Amino acid sequence: MDKDISKHIGRIRKLLMQPSSSQQDIGIDKCAELVARMYRNAGCEKVDVVETKGNPIVYGECKGDSDKTVLAYFMYDTMPFNEPGWNHPAMGAKSVEMNLPAGKVKSIVNRGADNTKGPLAAFLNSVEACNKSVGRPPCNLILVAEGEEELGSPNLPVYVKENKKKLSKADACYFPYFAQDPDGSRTLMLGVKGVVYFELECSGKSWGRGPQEFAVHSSSKAWLDSPVWRLVHALKTMTSDDGNRVLIDGFYDDVAPPTQEDEEVISEAAKTWSPRTAKEAMKVSKFMIPETDKEKLIKLYTFASTLNIDGIWGGWIEKGSKTVLPHKVTCKIDIRVVPNQKKDDMMPLVRKHLDEHGYKDIKMTEIDTGYDWCRCSVKEPVVQAMIRAQTAFGGKPQVWPTSGGSVPFFVFNRILGMPFTMGGIGHSDLAHSPNEYMVVEGNKKIAGLKDIEKFMVRFMSEYASSE
86 MDKDISKHIG
96 RIRKLLMQPS
106 SSQQDIGIDK
116 CAELVARMYR
126 NAGCEKVDVV
136 ETKGNPIVYG
146 ECKGDSDKTV
156 LAYFMYDTMP
166 FNEPGWNHPA
176 MGAKSVEMNL
186 PAGKVKSIVN
196 RGADNTKGPL
206 AAFLNSVEAC
216 NKSVGRPPCN
226 LILVAEGEEE
236 LGSPNLPVYV
246 KENKKKLSKA
256 DACYFPYFAQ
266 DPDGSRTLML
276 GVKGVVYFEL
286 ECSGKSWGRG
296 PQEFAVHSSS
306 KAWLDSPVWR
316 LVHALKTMTS
326 DDGNRVLIDG
336 FYDDVAPPTQ
346 EDEEVISEAA
356 KTWSPRTAKE
366 AMKVSKFMIP
376 ETDKEKLIKL
386 YTFASTLNID
396 GIWGGWIEKG
406 SKTVLPHKVT
416 CKIDIRVVPN
426 QKKDDMMPLV
436 RKHLDEHGYK
446 DIKMTEIDTG
456 YDWCRCSVKE
466 PVVQAMIRAQ
476 TAFGGKPQVW
486 PTSGGSVPFF
496 VFNRILGMPF
506 TMGGIGHSDL
516 AHSPNEYMVV
526 EGNKKIAGLK
536 DIEKFMVRFM
546 SEYASSE
């Protein structure tokens, strides 16, 4: 790995620079073929680019040196990369020196560096290194890379169900990503929240009031109603004034409290977690509650079900003035789902709320299918293997019950009955934001690519030797 590190970085840059925005349908097929070539170069004996009703799934098999089998899940699609705010070309894979709380590092800035083409390429580098140096990786591998995670993975459950017999040969699932914080601390998440994503649209045409076909001069507000104000008032009925408590009947009915194991994990994590580091990473000044209550902050992040407005637009939104009364307005909303909520219950609850408050005309459209939450016990052998591997590379990780984000582990955990783990060492950040990056040359506190790839081999070895 040390000898080939320049080549390994080059592969990462090549994958990052290949566009693969699923939301914009840019470069997906070419990226799938590139991932397939990377599978073959890594030493996979079997590689298939599997067509679905949407984007291809790239499947691979690699024989290992034990009877244990790990299913490594990846996503090769990314968020769009043409939004404003990038300090470097979004698809240029530029090497940039950065000053982090842990010290100076060298990073690659590119869409997908963090989420998660960077970890995908690093893992394949580690597999190739095993095949070149010792003949095989420590365990058998099944590789599944999808190109629709940013769309809610609509075709992954179908693929898993149709290939259940083949995929069930795996003993556990692993999602590689770089889990060190900017200060070098490590976090291991035992689960993920689910997610639902939809649009609300209020139009004069469906309402039967205000402008019907197009925006009109704003002087007409004197005698016409406003669809924009109607949507604003509808949204206001959904939460408390601060936006932090959802007021939709039934929204919290199925939310399960933390278990005793969860409470113990949270208490231990709070001893070393730094709210200040989290704030600095997000460039925010304060949380919604005092940061001295670290346990409560962790509980909010891991167990709070949320309703979030991702964007809202209507009428004139460009620079300069244009006095209009818009004929329609749209907003995008995501709901994060926690145990024991069901994602399929969320949109009907919102629909019922709108209808009961007199907003039957507001249109709801599902944007992606989303997925349910998923959890795994800290006692699972694959989780313990992750903890041992991280400990061997500089320190025991903070263990959190659940990530605030969402990954479709439920298809492996619930359909296949498979335990899972995720994470690793190394640092990356700004997923879904401008200037997304991954560290390739670290320091004493943050791992660089050489150690990241060695760690991935150590994790496979720890799991291969587990009971």
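So the sequence shown is numbered by our numbering: it starts at 86 and just counts up by one.
All C-beta atoms, glycine included, are put in the ideal place defined by N, C-alpha and C.
Values in this document were obtained by computation on a predicted structure and should not be read as measured data.
Span of the beta strand (DSSP E) around residue i
i: serine 291; result: Taken as a continuous stretch (DSSP letters only), serine 291 belongs to no beta strand (DSSP E), being part of the alpha helix (DSSP H) at 289-292.
i: glutamate 182; result: 179-185
i: cysteine 116; result: Counting along the chain, cysteine 116 falls outside any beta strand (DSSP E), though it belongs to the alpha helix (DSSP H) covering 113-127.
i: leucine 156; result: 154-160
i: asparagine 225; result: 225-231
i: aspartate 133; result: 131-135
i: valine 484; result: 483-485
First through last residue of the alpha helix (DSSP H) which encompasses residue i
i: asparagine 210; result: 202-218
i: glycine 95; result: 90-102
i: lysine 321; result: 312-321
i: isoleucine 472; result: 466-477
i: valine 435; result: 428-441
i: glutamate 403; result: No alpha helix (DSSP H) holds glutamate 403; DSSP gives it neither H nor E.
i: glutamate 235; result: Unbroken run through glutamate 235: none, as it is neither H nor E.
i: lysine 530; result: Where lysine 530 is concerned, there is no enclosing alpha helix (DSSP H), given that its DSSP letter is neither H nor E.
i: lysine 251; result: 249-252
Straight-line gap, residue i to residue j (C-alpha atoms, nearest Å)
i: serine 105; j: valine 524; result: 21 Å
i: serine 211; j: proline 261; result: 12 Å
i: glycine 293; j: leucine 316; result: 14 Å
i: glutamate 182; j: valine 369; result: 23 Å
i: glycine 490; j: leucine 534; result: 24 Å
i: glutamine 426; j: glycine 399; result: 32 Å
i: histidine 442; j: aspartate 338; result: 20 Å
i: isoleucine 142; j: serine 462; result: 28 Å
i: tyrosine 161; j: serine 238; result: 12 Å
i: serine 151; j: arginine 122; result: 25 Å
i: proline 169; j: arginine 460; result: 36 Å
i: threonine 415; j: serine 91; result: 47 Å
i: valine 301; j: tryptophan 314; result: 15 Å
i: valine 468; j: threonine 344; result: 18 Å
i: histidine 412; j: serine 390; result: 33 Å
i: methionine 323; j: aspartate 429; result: 18 Å
i: alanine 470; j: glutamate 233; result: 29 Å
i: lysine 464; j: proline 433; result: 36 Å
i: lysine 530; j: lysine 306; result: 59 Å
i: asparagine 528; j: tyrosine 386; result: 29 Å
i: isoleucine 97; j: valine 492; result: 22 Å
i: cysteine 116; j: leucine 100; result: 8 Å
i: serine 107; j: lysine 249; result: 25 Å
i: glutamate 118; j: leucine 320; result: 43 Å
i: arginine 436; j: lysine 217; result: 56 Å
i: tyrosine 158; j: isoleucine 193; result: 23 Å
i: isoleucine 472; j: serine 180; result: 31 Å
i: proline 424; j: asparagine 240; result: 23 Å
One or two residues paired with residue i in a DSSP bridge
i: valine 422; result: Gly279
i: serine 550; result: Beta-bridge pairing links serine 550 to no other residue.
i: glycine 508; result: Pro261
i: histidine 302; result: Val409
i: arginine 460; result: Gly276
i: threonine 454; result: BP columns for threonine 454 are empty, so no partner.
i: isoleucine 193; result: Ser180, Met523
i: serine 107; result: DSSP lists no partner for serine 107.
i: leucine 285; result: Cys416, Met449
i: tyrosine 144; result: Asp133, Val229
i: serine 488; result: Val277
i: tryptophan 398; result: Thr415
i: valine 331; result: Thr324
i: threonine 163; result: Ser106
i: glycine 188; result: Leu185
i: aspartate 514; result: Tyr522
i: arginine 271; result: Gln265
Problem set entry | Contact between the region 279-299 and the region 195-205 (3+ Cβ pairs under 8 Å) | The answer is no - the region 195-205 does not touch the region 279-299, with fewer than three Cβ pairs under 8 Å.
Problem set entry | Those runs of the alpha helix (DSSP H) which lie wholly inside the region 350-395 and span at least 4 residues | Counting only runs of 4 or more, we get 360-367, 379-388.
Exercise. Do the region 290-310 and the region 507-525 make contact, defined as three or more Cβ pairs closer than 8 Å?
Worked result: With the cut-off at 8 Å, the region 290-310 and the region 507-525 do not touch.
For this session: Would you check if the region 470-490 and the region 342-362 touch, i.e. whether three or more CB-CB distances between them fall below 8 Å?
Result: Enough Cβ pairs lie closer than 8 Å, so yes.
Exercise. If we count Cβ pairs, one from each stretch, closer than 8 Å, do we get three or more for the region 221-241 versus the region 145-152?
Worked result: With the cut-off at 8 Å, the region 221-241 and the region 145-152 touch.
For this session: State whether the region 440-458 contacts the region 339-354, with contact taken as three or more CB pairs (one from each stretch) at a distance under 8 Å.
Result: No contact exists between the region 440-458 and the region 339-354.
Problem set entry | Segment contact flag, the region 536-543 with the region 489-503, C-beta cutoff 8 Å, min 3 pairs | Touching, no, given that fewer than three Cβ pairs across the two stretches are closer than 8 Å.
Exercise. So does the region 243-259 actually touch the region 396-413, counting three or more Cβ pairs closer than 8 Å?
Worked result: They do not touch, by the three-pair rule.
Problem set entry | Given 8 Å, three or more beta-carbon pairs between the region 347-354 and the region 172-181 | Result no; under three Cβ-Cβ pairs closer than 8 Å.
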